[in-house]
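Visitor: Quick one: the structure is below, questions incoming.
Number of protein chains: 2
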Amino acid sequence: MSAYVDFEPVGRRGDCPAGTSLLACARQLGVGLVGLCGGLGSCGRCVVQVLEGEVSPPTSTEERLLGRRLAQGYRLACCTVPLGHCKVRVPPESLSAPQRTQVEGEDVPLIPDPMVRSYRVTLSPPSLEGKDLLADADRLLLALTGEGLSVSQVDLALLQSLSPRLRAQGWEARACVRDHELIALLPADVTPLGLAVDLGTTKIAAYLVNLETGHTLSARGMMNPQIAYGEDVVTRMAYARQSLAQATRLQEVVVEALNQAIAGMAAEAGGKAEQVVEAVVVGNTAMHHLFLRLPVEQLAQAPYVPAISAALDVKAREIGLGIAPGAYIHLLPNIAGYVGADHVAMLLATGAAQTEGTVLALDIGTNTEICLNHRGKLTSVSCASGPAFEGAHIKHGMRAAEGAIERVRLTNHRVEYQTVGGVDPVGVCGSGILDSLAELYRAGIVDARGRMGEHPRVRNGTDGREFVLVSEEERGGRPAITITQKDIRELQLAKGAIRAGIEVLLEASGISAQELELVIIAGAFGTYINVESAVEIGMLPALPLERFRQVGNAAGTGARLALISRSKRSEAQAIARRVGYIELAAEPHFMLTFARAMALG
Amino acid sequence: MSAYVDFEPVGRRGDCPAGTSLLACARQLGVGLVGLCGGLGSCGRCVVQVLEGEVSPPTSTEERLLGRRLAQGYRLACCTVPLGHCKVRVPPESLSAPQRTQVEGEDVPLIPDPMVRSYRVTLSPPSLEGKDLLADADRLLLALTGEGLSVSQVDLALLQSLSPRLRAQGWEARACVRDHELIALLPADVTPLGLAVDLGTTKIAAYLVNLETGHTLSARGMMNPQIAYGEDVVTRMAYARQSLAQATRLQEVVVEALNQAIAGMAAEAGGKAEQVVEAVVVGNTAMHHLFLRLPVEQLAQAPYVPAISAALDVKAREIGLGIAPGAYIHLLPNIAGYVGADHVAMLLATGAAQTEGTVLALDIGTNTEICLNHRGKLTSVSCASGPAFEGAHIKHGMRAAEGAIERVRLTNHRVEYQTVGGVDPVGVCGSGILDSLAELYRAGIVDARGRMGEHPRVRNGTDGREFVLVSEEERGGRPAITITQKDIRELQLAKGAIRAGIEVLLEASGISAQELELVIIAGAFGTYINVESAVEIGMLPALPLERFRQVGNAAGTGARLALISRSKRSEAQAIARRVGYIELAAEPHFMLTFARAMALG
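Sequences listed follow chains A and B, in order.
Quick note on numbering: the first sequence equals residues 321 to 921 in my numbering.
Quick note on numbering: the second sequence equals residues 321 to 921 in my numbering.
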């Protein structure tokens with residue numbers, strides 16, 4: 321008897337022969353599960369979560385590698401055999417890079433209660449004979465009053481097309497109302513859609529959502545085209561400050577990218593961009609400001625204050641966003657100059673702010689924002705962790721594209737690795753870099769101070785000492801792929817910044833790392849890393865693995881929640897108000913903490 | 321002893337020799353008072369109102385010509401001698417054309433309570449050391465919360481300049497708040513201004529108002545530049561319907577004219593256009609739609625319904641109006657396709673809607689809107705009176721420019737007239753045309769059916785029979801200025817349309833003209849006509865002269881009231897809702913009523 325397996329949220333499903341492991345099933349169905357050991361159960365990377373259905377009992381390997389996580393249904397795909405129909409969740413961190421779209425995020429079930437409500441109306445046309453000469457908009461507003469609504473404003477852009485549209489639709493329509501304003505008119509049988517956007521410095525995630533059901537219909541991940549004007553926010557702000565034209569350009573490239581994504585997603589969902597009647601955008605404070613073309617002088621210079629932190633609603637057309645002309649974009653509140661609305665969205669999505677326990681939530685990136693919730697008291701910091709974990713400033717670093725080494729394991733003198741797409745290696749991406757450093761440290765090849773010792777694969781290269789991941793011979797004569805001493809220094813700066821941020825937060829709350837009940841890791845990079853490696857090098861505190869939770873693009877999930885739920889939107893504002901912000905630059909002992917945190921282990 | 325005389329609202333004042341008449345004083349001070357008889361007291365046109373100070377007692381001529389109006393301080397300037405300091409009001413209808421700016425309107429004293437309130441704030445700057453890193457806008461909103469306000473939104477355009485502005489102003493500012501939105505930030509010692517506009521088909525009147533005192537600081541009258549695209553609303557709507565570009569052009573020319581006027585008025589008042597933080601615009605429904613670039617298809621075709629009648633608030637920048645970027649334009653409500661917000665503003669300014677008596681209020685123009693208030697029940701009609709009274713379609717007709725005959729009197733075989741500017745005549749403007757017809761009818765030269773009889777000055781011209789106002793000889797050989805039989809037919813159509821509208825309203829309310837306690841005449845044309853002439857030809861019902869009141873640009877005054885007072889703005893909405901509209905085209909007996917109303921007398 322074969323088993324029918326449904327892999328979520330990838331959306332691949334099908335029959336697998338009896339006795340086949342979930343890993344084999346996944347590969348057969350085209351689900352890119354990570355795995356280094358080839359299904360031997362030794363690398364422990366192919367972690368999945370069984371949501372429904374009966375599977376084979378846990379093996380001793382799984383008991384050892386997964387511990388308490390077994391109780392939550394977590395299993396190693398290579399050790400688990402489905403015994404009938406099952407539903408299996410593939411966590412983002414277990415996905416091979418080609419299948420990551422930066423839009424993976426946990427779904428939070430919610431009864432939709434969006435800002436924009438729609439009402440189907442059927443109107444009688446005006447008539448000279450019938451002495452019914454009510455104006456078109458007034459006629460519509462009167463019908464909505466009949467629904468118990470109090471609508472007193474009509475969006476100007478909508479009004480500019482309302483009269484011909486009502487006639488073309490035969491006086492039937494779906495009227496979209498936001499607060500007391502009529503903002504859009506759709507054909508009567510069309511569903512209003514919403515757009516949620518996580519505007520990252522490097523990547524943008526966009527989601528098209530059915531506002532009535534709350535379901536995500538389509539999602540896209542894309543590079544932030546502002547990268548052409550600067551890799552990091554500091555460079556981009558400097559670019560924007562040079563002229564209004566340059567600031568406008570930064571805004572335009574993002575809007576163009578979003579407009580393409582919206583059109584594509586709408587087509588995929590069988591709809592039109594004009595059906596999108598509300599948008600929620602989150603991003604870090606710099607992305608937020610550049611998106612709205614707000615001044616960044618005061619943000620780029622001490623004391624680094626935003627033009628605004630409060631939540632904002634702006635007309636989509638003022639930004640040039642190609643959705644319904646009367647639609648609003650809601651911007652969730654920022655917290656500080658370097659802690660933006662994406663952090664608020666992440667806290668909203670993960671529930672990290674709502675617990676009475678002690679929870680740490682991180683969004684690791686070029687800037688890493690960290691929030692500690694200690695018994696309801698929220699404190700956040702922002703660490704300049706730099707782009708090393710994204711492959712930048714690393715000799716053979718690269719983005720997670722085809723041929724990037726994404727997982728690494730040292731066994732005796734051998735280097736085991738997995739590349740994106742399973743092709744020949746061409747470089748190392750973030751998770752591979754992190755694995756490499758952790759393995760080098762674990763094997764004693766690199767000491768706690770980050771110095772590279774002696775080893776058959778360590779040599780003096782053109783840039784000083786280096787560890788050979790893939791040698792010239794192994795690459796058929798092409799240059800070797802190495803991790804250099806300089807790379808390790810870069811990684812120490814990055815991980816030190818993050819760990820120092822964590823230490824400042826713990827110290828400010830007077831608690832030790834061991835008191836952390838849960839560590840939530842969100843965001844593009846953190847989601848796909850091997851947490852064991854991060855703990856190994858001391859980037860994250862040494863806690864039992866089951867206390868870590870990798871949640872994917874939680875900022876994107878938070879944006880979606882705020883899109884479909886008024887109460888979640890209010891909650892986001894309440895969270896932003898509750899968060900106390902510590903500016904690390906103003907902490908007297910910060911440099912010392914940072915220096916200490918650079919040590920490995 | 322000389323007398324110091326202050327002429328209002330013209331703003332001319334100075335000493336006059338003892339014993340000089342007010343007419344002589346006025347001429348000496350450059351006040352263009354009308355008068356035909358040269359100060360003999362026989363034409364009765366130089367009517368003024370003595371507001372303050374002692375003057376000579378009324379003559380028997382004044383008692384005969386002014387009757388009960390004497391009790392309200394009305395006097396003939398040629399018969400009145402100031403006996404000390406006095407303040408004298410020159411009503412619009414007594415002003416010679418060069419001094420009319422189409423902005424004259426009665427002032428209504430009011431305690432200002434504008435939609436936009438301003439608050440002076442002094443902020444402490446952010447500080448890294450002081451750990452005060454509140455965002456700029458949040459800092460400002462917090463200060464406003466301290467004033468007991470609940471401000472939750474910040475205008476995007478304002479936000480785009482807020483941060484540098486706060487720093488440039490040393491953290492002191494005047495914050496302008498509208499409802500819950502921060503819309504503008506002015507220097508701390510600057511007064512917020514408002515703009516009121518009466519957007520007429522032919523003329524535009526604009527007023528710059530101090531929002532705190534309610535005083536009008538500057539006013540401008542100008543031609544509506546849309547005239548280049550069509551003299552009347554029907555032609556202009558046809559032009560707008562041809563393409564979006566053409567519709568946009570119509571909007572742009574008006575906005576450009578307004579922007580020039582705003583800049584000029586602001587400079588005159590010693591301020592800047594950016595100080596203008598709120599605008600109110602009124603106009604007929606077509607002007608309203610073209611100004612907002614709303615569709616006009618449904619307005620131009622039966623059943624002639626507006627896209628919207630309800631009041632609207634739109635961001636000034638969406639229209640391109642060059643005032644504070646975050647300012648709103650409030651559009652008062654329309655009533656119907658041919659009864660617009662200007663009519664509502666007129667009713668608001670004149671109080672015609674608030675009385676418990678029986679009042680008729682007219683705004684005479686190319687379209688004449690008439691409202692009858694019979695014991696609180698308001699009913700309005702719109703009559704297509706055409707442009708004849710504005711000099712169009714009249715053989716020697718012209719606008720009230722220099723050389724236009726503006727007043728006419730027939731004495732035996734002589735024609736007495738006054739021209740604009742006192743120069744040689746070149747044509748006849750509206751008030752002169754009306755006077756001419758009334759005098760011809762009074763003298764029996766034209767009969768009740770409008771047929772021209774025999775008279776020494778009647779002859780057969782190239783266009784049929786005509787009455788010679790100024791002959792070739794009197795013009796030194798240049799062509800004569802005449803009133804033709806065809807002109808009279810045009811005037812009959814115009815006056816017939818207006819009178820028919822009045823009759824329909826009286827009939828609908830079941831009352832006779834004699835029951836009208838007050839007839840209010842507003843607007844550019846009606847304000848400057850000789851009411852006696854209008855009654856003589858039967859355009860207006862034959863009522864005692866003291867029942868007529870010429871109020872100038874009441875629509876402009878209404879716009880100013882709605883600008884400075886929230887309660888007046890609400891009142892305007894209440895008025896618009898109360899007005900019942902009769903579409904004359906749908907009245908079964910209208911053509912008969914119209915045919916009857918064309919008869920003179």
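Each residue gets a CB set at the ideal place from its N, CA and C atoms; glycine is no exception.
1) Can the beta-carbon of B/L356 be found less than 8 Å from the beta-carbon of B/R777?
2) According to DSSP, is A/H909 part of a helix, a strand, or is it coil?
3) Residues of chain B with CB closer than 8 Å to the CB of A/N654, please, in chain order.
4) Find the residues of chain A that neighbour B/D458, judging by a C-beta separation of less than 7 Å, and give them in chain order.
5) Between A/T494 and A/P507, which are expected to be in contact by the criterion C-beta below 8 Å, what is the C-beta distance as a whole number of angstroms?
6) DSSP three-state call for A/E598: helix, strand or coil?
7) Roughly how many whole angstroms lie between the Cα atoms of A/C691 and B/R897?
8) According to the neighbour-count rule (16 or more other Cβ atoms, all chains shown, within 10 Å of its Cβ), is B/R695 buried or exposed?
9) What's the C-alpha gap between A/Q805 and A/A919?
10) Using the three-state DSSP reduction, which class does A/Q473 fall into: helix, strand or coil?
11) Please tell me whether A/Q473 has its Cβ less than 8 Å away from any Cβ of chain B.
12) Going by C-alpha to C-alpha distance, which of A/D807, A/A763, A/R795 sits closest to A/G784?
13) Buried or exposed, going by whether 16 or more other CB atoms sit within 10 Å of the CB of A/P799?
14) To the nearest angstrom, how far is it from the Cα of A/A672 to the Cα of A/L682?
15) Among all the DSSP beta bridges, which residues are the ones paired with B/Y439?
16) Spatial neighbours of A/R762 within its chain, please: C-beta separation below 7 Å, excluding the five flanking residues on both sides.
17) So what's B/Q621 in DSSP terms, helix, strand or just coil?
18) Can you tell me which of the three DSSP states B/Q571 falls into?
19) Would you decide whether B/G361 is buried or exposed? Buried here means 16 or more other CB atoms lie within 10 Å of its CB.
20) Strictly below 9 Å CB to CB, what residues from chain B border A/Q480?
21) Should A/V743 go down as buried or exposed, given a rule of 16 or more other Cβ atoms within 10 Å for buried?
22) So, do the stretch 633-641 of chain B and the stretch 816-825 of chain B have three or more beta carbon pairs nearer to each other than 8 Å?
23) Keeping to the same chain, check which residues put their C-beta closer than 6 Å to that of B/E492; ignore five residues upstream and five downstream.
24) Is the CB of B/E523 under 8 Å away from at least one CB in chain A?
25) Determine the chain B residues that contact A/D433 at a beta-carbon separation under 8 Å, and present them in chain order.
26) How many Å lie between B/S341 and B/T400 at the Cα?
27) Taking only three categories from DSSP, how would you classify A/R676?
28) So, for B/D335: in the same chain, excluding its five sequence neighbours on each side, which residues have a beta-carbon less than 6 Å away from its beta-carbon?
29) Extract the residue ranges of the beta strand (DSSP E) inside the stretch 355-389 of chain A, only unbroken runs of 3 or more that lie entirely within it.
30) DSSP beta-bridge partners for B/H694?
31) Can you give me the C-alpha to C-alpha distance between A/L652 and A/V602, rounded to a whole angstrom?
32) At a CB distance below 9 Å, what residues from the stretch 829-857 of chain B approach chain A? Give them in sequence order.
33) Under 7 Å Cβ-Cβ, which residues of chain B neighbour A/P446?
34) By Cβ distance, which residues of its chain are closer than 6 Å to B/E710, with the 5 residues on each side in sequence left out?
35) From this set, B/S705, B/G352, B/V517, which residue's C-alpha is nearest B/H650's C-alpha?
36) Indicate the three-state DSSP secondary structure (helix, strand or coil) for A/C399 in the structure shown.
Guide: So, to answer that:
1) If you number the second sequence from 1, residue 356 of chain B lands on position 36. If you number the second sequence from 1, residue 777 of chain B lands on position 457. The answer is no: Cβ separation not under 8 Å.
2) Indexing the first sequence from 1 puts residue 909 of chain A at position 589. Coil.
3) As a first step, residue 654 of chain A must be located in the first sequence, where it is residue number 334. Taking a Cβ-Cβ cut-off of 8 Å, the neighbours of A/N654 in chain B comprise A455, given in sequence order.
4) Within the second sequence, numbered from 1, the residue matching residue 458 of chain B stands at position 138. In chain order: I628, S629, A630.
5) Position 174 of the first sequence, counted from the start, is the residue given in the question as residue 494 of chain A. Position 187 of the first sequence, counted from the start, is the residue given in the question as residue 507 of chain A. In the sequence as presented, Thr is not what sits at residue 494 of chain A; that position holds Arg. The pair is a contact, with the Cβ atoms about 7 Å apart (cut-off 8 Å).
6) Locating residue 598 of chain A in the first sequence gives position 278, counting from the first residue. Note: A/E598 maps to strand in three-state DSSP.
7) Here the question's residue 691 of chain A lines up with position 371 in the first sequence. Here the question's residue 897 of chain B lines up with position 577 in the second sequence. CA-CA distance, A/C691 to B/R897, rounds to 55 Å.
8) In the second sequence, residue 695 of chain B corresponds to position 375, counting from 1. Note on B/R695: under 16 other CB atoms within 10 angstroms of its CB, so exposed under the neighbour-count rule.
9) Looking up residue 805 of chain A in the first sequence gives position 485. Looking up residue 919 of chain A in the first sequence gives position 599. Taking the straight line from one Cα to the other gives about 14 Å.
10) Here the question's residue 473 of chain A lines up with position 153 in the first sequence. Three-state DSSP puts A/Q473 in a strand.
11) Counting from one through the first sequence, the residue named residue 473 of chain A turns up at place 153. For A/Q473, the closest Cβ of chain B is nearer than 8 Å.
12) In the first sequence, counting from the first residue as 1, residue 784 of chain A sits at position 464. Answer by Cα proximity: A/D807.
13) As a first step, residue 799 of chain A is located in the first sequence; it is residue number 479 there, counting from the start. A/P799 is exposed by the Cβ-count criterion.
14) The count along the first sequence starts at 1 and reaches residue 672 of chain A at position 352. The count along the first sequence starts at 1 and reaches residue 682 of chain A at position 362. Going by C-alpha positions, A/A672 is about 10 Å away from A/L682.
15) Here the question's residue 439 of chain B lines up with position 119 in the second sequence. DSSP output for B/Y439 lists B/A495 as bridge partner(s).
16) Looking up residue 762 of chain A in the first sequence gives position 442. Short of 7 Å from the beta carbon of A/R762, and not among the five residues preceding or following it, lie these beta carbons of its own chain, in chain order: E856.
17) On the second sequence, residue 621 of chain B is found 301 positions in, with the first residue counted as 1. In the three-state reduction of the DSSP assignment, B/Q621 falls in the coil class.
18) To locate residue 571 of chain B, count along the second sequence from 1; it is residue 251. Of the three classes helix, strand and coil, the one that applies to B/Q571 here is helix, per DSSP.
19) The residue labelled residue 361 of chain B in the question sits at position 41 within the second sequence. In summary, B/G361 is buried, with 16 or more beta-carbon neighbours lying within 10 Å of its beta-carbon over all protein chains present.
20) Taking the first sequence and counting its residues from 1, one reaches residue 480 of chain A at position 160. At a C-beta separation below 9 Å, A/Q480 has these neighbours in chain B: L612, R613, L614, P615, A627.
21) As a first step, residue 743 of chain A is located in the first sequence; it is residue number 423 there, counting from the start. Taking all protein chains in view, the Cβ of A/V743 is surrounded by fewer than 16 other Cβ atoms within 10 Å, so the residue is classified as exposed.
22) No, they do not touch.
23) Locating residue 492 of chain B in the second sequence gives position 172, where the first residue counts as 1. Scanning its chain for C-beta atoms nearer than 6 Å, with the 5 sequence neighbours on each side dropped, one finds around B/E492 the residues T442, A508, in chain order.
24) Counting from one through the second sequence, the residue named residue 523 of chain B turns up at place 203. According to the sequence shown, residue 523 of chain B is Lys rather than Glu. Taking CB atoms only, B/K523 has no neighbour in chain A less than 8 Å away.
25) Sequence index remark: in the first sequence, residue 433 of chain A carries index 113 (1-based). Within chain B, no residue comes near A/D433; the closest Cβ sits about 19 Å away, beyond 8 Å.
26) What you label residue 341 of chain B is simply residue 21 of the second sequence in a count that begins at 1. What you label residue 400 of chain B is simply residue 80 of the second sequence in a count that begins at 1. If I take the Cα positions, the gap works out to 5 Å.
27) Indexing the first sequence from 1 puts residue 676 of chain A at position 356. According to the sequence provided, residue 676 of chain A is Glu. The question's Arg does not apply to it. Coil.
28) Counting from 1 along the second sequence, the entry for residue 335 of chain B is found at position 15. Within its own chain, the residues whose Cβ lies closer than 6 Å to the Cβ of B/D335, once the five positions on either side in sequence are excluded, are S322, Y324, listed in chain order.
29) Counting only runs of 3 or more, we get 367-372.
30) Position 374 of the second sequence, counting from 1, holds the residue named residue 694 of chain B. In the DSSP output, where bridge partners are listed per residue, B/H694 has B/T678, B/K697.
31) Translated into the one-based positions of the first sequence, residue 652 of chain A becomes position 332. Translated into the one-based positions of the first sequence, residue 602 of chain A becomes position 282. Near 6 Å, if we compare the C-alpha coordinates of A/V602 and A/L652.
32) Of all residues in the stretch 829-857 of chain B, none has a C-beta nearer than 9 Å to a C-beta of chain A.
33) In the first sequence, the residue the question calls residue 446 of chain A occupies position 126. When 7 Å is used as the limit between beta carbons, A/P446 is near these residues of chain B: P623, V625, in chain order.
34) Against the second sequence, residue 710 of chain B aligns to sequence position 390. Here the set comprises G750.
35) Numbered from its first residue, the second sequence carries residue 650 of chain B at position 330. Of B/S705, B/G352, B/V517, the smallest CA-CA separation from B/H650 is found for B/V517.
36) The residue given as residue 399 of chain A occupies position 79 in the first sequence. Reduced to three states, the DSSP call for A/C399 is helix.
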